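These notes concern the structure reproduced below.
There are 2 protein chains.
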Amino acid sequence: MCMLLGALPTNLMPLTLEDIARLSGVSRSTVSRVINVDANVKEGTRQKVLQVIQNFNFQPNLAARGLAAGRTNVIGLVIPAGVAALFSDPYFPQLIQGVSAACNSHNYSVMLWLAEPEFERRMVSQILHNGLLDGTVIASTLMDDPIVKSLYESKMPFMLIGRHPTLDVNYLDVDNVRAAREATLHLLHIGRKNIATITGPQNQIAGYDRYQGYLTALHERNHRVDPNLVAEGDFSEASGYIAMLRLLQQKPDAVFAASDMMAFGAMRALREANLHIPEDVAVIGFDDIPASAKTEPPLTTVHQSASAMGVLAVETLIDIIDHPGSETRHIVIATEFVIRSSCGTLKSKSEGGDEGKNPVEQSIPMLYQSHQ
Amino acid sequence: MCMLLGALPTNLMPLTLEDIARLSGVSRSTVSRVINVDANVKEGTRQKVLQVIQNFNFQPNLAARGLAAGRTNVIGLVIPAGVAALFSDPYFPQLIQGVSAACNSHNYSVMLWLAEPEFERRMVSQILHNGLLDGTVIASTLMDDPIVKSLYESKMPFMLIGRHPTLDVNYLDVDNVRAAREATLHLLHIGRKNIATITGPQNQIAGYDRYQGYLTALHERNHRVDPNLVAEGDFSEASGYIAMLRLLQQKPDAVFAASDMMAFGAMRALREANLHIPEDVAVIGFDDIPASAKTEPPLTTVHQSASAMGVLAVETLIDIIDHPGSETRHIVIATEFVIRSSCGTLKSKSEGGDEGKNPVEQSIPMLYQSHQ
DNA sequence: TTGTATGCGTTATCAT
DNA sequence: ATGATAACGCATACAA
């Protein structure tokens with residue numbers, strides 16, 4: 001029992017509602033009301049109690065709150081840890097940062113799980129039944145992730161980063177198909193004929209959608225798709241390198257990689273083959289990670305802000321938590337096509353309006369949609 | 373109340389100890405004992421209860437457990453989010469991964485805070501008083517971080533990643549001084565005369581220690597330290613680039629950068645100045661991030677495993693939690709000097725034992741110490 | 001070895 | 001508008 005009667009603030013023993021009540025001369029319930037901004041409390045006492053809370057830097061015990069109210073202001077963040085090299089790509093770190101920042105500013109805490117398959121079963125239990133989470137943001141990449149399925153079957157609110165192919169879940173995504181299509185169209189537009197692609201894993205929705213965008217563009221322009229110009233990677237630099245080595249045999253004059261890291265790998269392979277970028281082979285990536293602006297040559301890519309996605313995911317999740325039973329959210333956020341020198345300019349023969357020199361950097365906003 | 377009398381398992385309503393007790397025909401306490409591996413329970417009943425727990429995939433409510441036992445199997449992870457570009461450097465992501473992995477395998481969960489200064493006060497409260505954390509791993513970089521001080525003054529067990537200059541706290545670190553010294557000595561050894569350094573921020577212990585190592589090496593060999601050969605960066609690529617531009621005026625023939633990212637920046641500046649690495653300027657970095665092996669030329673650097681540090685930090689923390697009142701832990705883990713082509717080989721004039729060609733990659737273990 | 005009773009700090013329902 | 005009191009799910013001291 002914390003018997004500080006006018007004692008000085010101390011960090012040693014956490015205070016309780018009871019302590020604050022005693023110190024401000026009211027009852028425990030009133031303090032609770034103040035904390036939970038209940039309307040039924042006189043402004044005077046409110047101020048008084050608030051003052052004491054401030055002074056003693058009181059923080060309600062989350063465990064107790066969770067027990068009593070079923071609400072903790074804690075959300076889970078689940079990230080796949082499948083590929084070991086996951087963290088040489090800043091996409092997930094940025095996502096984490098966005099989620100964390102949003103939680104900070106909304107007075108939430110975040111519980112992080114890097115989903116290792118071997119612990120999956122236990123993890124799901126922890127997430128669903130630990131009684132601490134108000135909701136979950138899950139950045140699953142796998143199309144048929146069992147964790148997503150479990151969440152879907154539970155009553156825990158959650159936001160999926162990246163759309164789901166079949167389930168009607170709350171999600172947030174960029175329009176991968178459209179962005180990949182635009183990138184490929186751009187390559188066609190500047191006169192490339194032999195456009196290769198390095199896809200992401202086809203059991204991942206982003207990998208799948210970006211490949212679909214590539215196909216769509218070629219079909220639209222009546223180009224046949226040469227299967228030999230398609231190589232699958234796993235979003236990593238190394239896989240991009242290997243894929244490019246294979247594609248090289250078809251002598252492509254352009255390559256669209258489904259991630260910047262794979263584009264880097266492809267550029268490394270091209271460099272080693274003494275091919276020039278973009279003269280011999282134009283390269284386009286996807287993600288616009290920081291390093292993309294500093295490669296030699298700088299990489300043309302599709303910009304998406306992972307941290308913005310994290311923020312929006314959290315804010316939407318909180319909204320879902322606050323409004324149970326609301327409609328399913330499908331949010332598609334903006335993407336931007338960033339033209340840098342790795343994809344060259346128009347071959348001079350058509351498109352008269354080409355304004356002088358090749359711009360060093362030029363960015364084209366693509367879309368902003370938000371359903372529901 | 374969960375009145376399932378022989379009903380099938382369901383995810384919809386979490387079970388309680390009471391439910392499991394009823395289903396296995398024992399009392400709530402016995403179930404609790406089984407879960408907490410209390411010796412005082414007959415093997416027969418133990419099996420029986422365990423079976424039911426398995427069948428229904430029961431997971432005790434963490435909030436309730438935390439309340440009742442003052443222990444939650446949750447640890448906090450605090451990471452400074454000061455520099456925005458924090459996440460283009462994989463150091464922290466790897467650290468997070470290590471911490472997460474160790475938690476997974478020890479049945480702990482991790483609560484993540486990216487410490488934004490503007491939320492610092494509230495964060496400290498959350499961490500210390502939310503009643504959910506058994507302990508904390510904090511990767512503060514600042515030498516006088518107020519969060520560390522608060523933790524130190526509280527009774528919450530914590531592990532600091534990176535030593536503390538003044539406080540006697542539990543920490544885990546690499547021997548930055550020694551590693552930086554060895555790197556600098558190597559540059560001297562291969563005959564470089566004008567060795568510059570790009571330091572990290574001097575209010576960060578790692579930045580400070582690595583600079584001290586550089587100084588130590590020069591002093592040992594009776595070289596005077598030219599202040600113009602010292603430029604301070606912030607561990608980022610951009611800062612390394614800028615620092616190198618400045619150092620270039622002194623025409624150094626070698627540079628030791630306190631991080632790989634800064635080394636990358638330096639290499640970019642050198643490339644733009646048409647200087648050759650390592651012929652004109654030898655470059656050494658620190659961290660051995662994945663990209664270091666793939667630069668042109670590959671970067672000589674000091675290898676440290678952030679994820680291994682994360683694992684060890686968690687395991688030590690758990691040990692501290694399990695043994696309250698034990699001695700302060702000071703752990704120094706191994707570092708390795710990885711020689712790649714960015715720092716060249718001996719200039720042919722001394723050291724006869726030079727075995728033929730410059731090895732492509734060669735690594736020299738440096739030390740493994742563990743105090744207490 | 002097992003069951004009973006109490007308390008952890010909070011919210012929520014009921015009085016007042 | 002405020003105070004007493006009963007849950008919330010679990011661990012544990014104590015009784016049996």
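Just so you know, the sequences run in chain order X and G. Counting in this note's numbering, the first sequence runs from 1 upward without gaps. Counting in this note's numbering, the second sequence runs from 373 upward without gaps. Glycine residues also receive a C-beta, built at the ideal position from the N, C-alpha and C atoms. As the structure is a prediction and not an experimental result, all values here were calculated from the model.
- Residue contact with chain G for Ser305/X: absent (no Cβ-Cβ distance below 8 Å to any residue of chain G).
- A distance below 7 Å between beta-carbons, with the five flanking residues on each side excluded, links Val52/X to the following residues of its chain, in chain order: Ile20, Leu23, Ser24.
- Scanning Leu387/G, Phe464/G, Arg640/G for the CA closest to the CA of Glu296/X turns up Arg640/G.
- Judged by their CB atoms, Arg712/G and Leu671/G are nearer to each other than the 8 Å cut-off.
- Contact annotation: Gln584/G and Val627/G have beta-carbon atoms that are not nearer than 8 Å.
- When DSSP states are grouped into helix, strand and coil, Tyr543/G belongs to the strand group.
- Interface criterion not met: the Cβ of Met159/X is under 8 Å from no Cβ in chain G.
- Classified as buried, Val471/G has 16 or more neighbouring CB atoms from the shown chains inside 10 Å of its CB.
- The DSSP-derived three-state label of Leu275/X is coil.
- One thing to note: Met515/G has its Cβ no nearer than 8 Å to the Cβ of Ile567/G.
- Close to Thr166/X, with beta-carbon spacing below 9 Å, lies no residue of chain G; the smallest spacing is near 19 Å.
- Asp632/G is the residue among Asp632/G, Leu590/G, His595/G, Ala453/G whose C-alpha sits nearest the C-alpha of Gly605/G.
- A residue is called buried when at least 16 other Cβ atoms come within 10 angstroms of its Cβ; Ala441/G does not meet this threshold and is exposed.
- Under the DSSP assignment, Val74/X falls in the beta strand (DSSP E) whose first and last residues are 74 to 80.
- Looking only at Lys251/X, Ile190/X, Ser342/X, Asn130/X, the smallest Cα-Cα distance to Pro432/G is reached by Asn130/X.
- Thr444/G has its alpha-carbon roughly 26 Å from the corresponding atom of Pro93/X.
- Here Leu601/G has Asn566, Ile567, Ala568, Thr569, Leu619, Gln622, Pro624 as same chain residues with Cβ atoms under 8 Å from its own Cβ, once five neighbours each way along the sequence are excluded.
- Exclusion of the five residues before and after Ala678/G leaves Tyr463, Gln466, Leu467 as the residues of its chain whose Cβ lies within less than 6 Å of its Cβ.
- Under the DSSP assignment, Ser239/X falls in the alpha helix (DSSP H) whose first and last residues are 237 to 247.
- Taking 8 Å as the CB threshold, Lys149/X stays off the interface with chain G.
- It is roughly 15 Å from the alpha-carbon of Gly76/X to the alpha-carbon of Leu312/X.
- For Glu232/X, the three-state secondary structure derived from DSSP is strand.
- Beta-carbon to beta-carbon, Arg582/G and Phe636/G are separated by about 16 Å, too far to satisfy the 8 Å threshold.
- DSSP, read as helix, strand or coil, puts Ser481/G in strand.
- Closer than 8 Å to the CB of Ala64/X there is at least one CB belonging to chain G.
- Under the DSSP assignment, Leu439/G falls in the alpha helix (DSSP H) whose first and last residues are 434 to 441.
- Assignment of Glu43/X by DSSP, reduced to helix, strand and coil, places it in the helix class.
- Interface annotation, Val482/G: in contact with chain X, CB-CB separation under 8 Å.
- Using a Cβ distance threshold of 8 Å, Ala411/G and Ile451/G do not count as a contacting pair.
- Arg400/G is a Cβ neighbour of Glu390/G, given a cutoff of 8 Å.
- When Cβ-Cβ separations below 8 Å define contact, Glu18/X makes no contact with chain G.
- Burial is judged here by how many other beta carbons sit within 10 angstroms of a residue's own beta carbon; Arg494/G has fewer than 16 and is exposed.
- Rounded to whole angstroms, the separation of the alpha carbons of Val674/G and Asp660/G is 6 Å.
- Here the alpha carbons of Tyr480/G and Ala238/X stand approximately 33 Å from one another.
- The Cβ-Cβ distance between Cys343/X and Leu187/X falls below 8 Å.
- When Cβ-Cβ separations below 8 Å define contact, Arg640/G makes contact with chain X.
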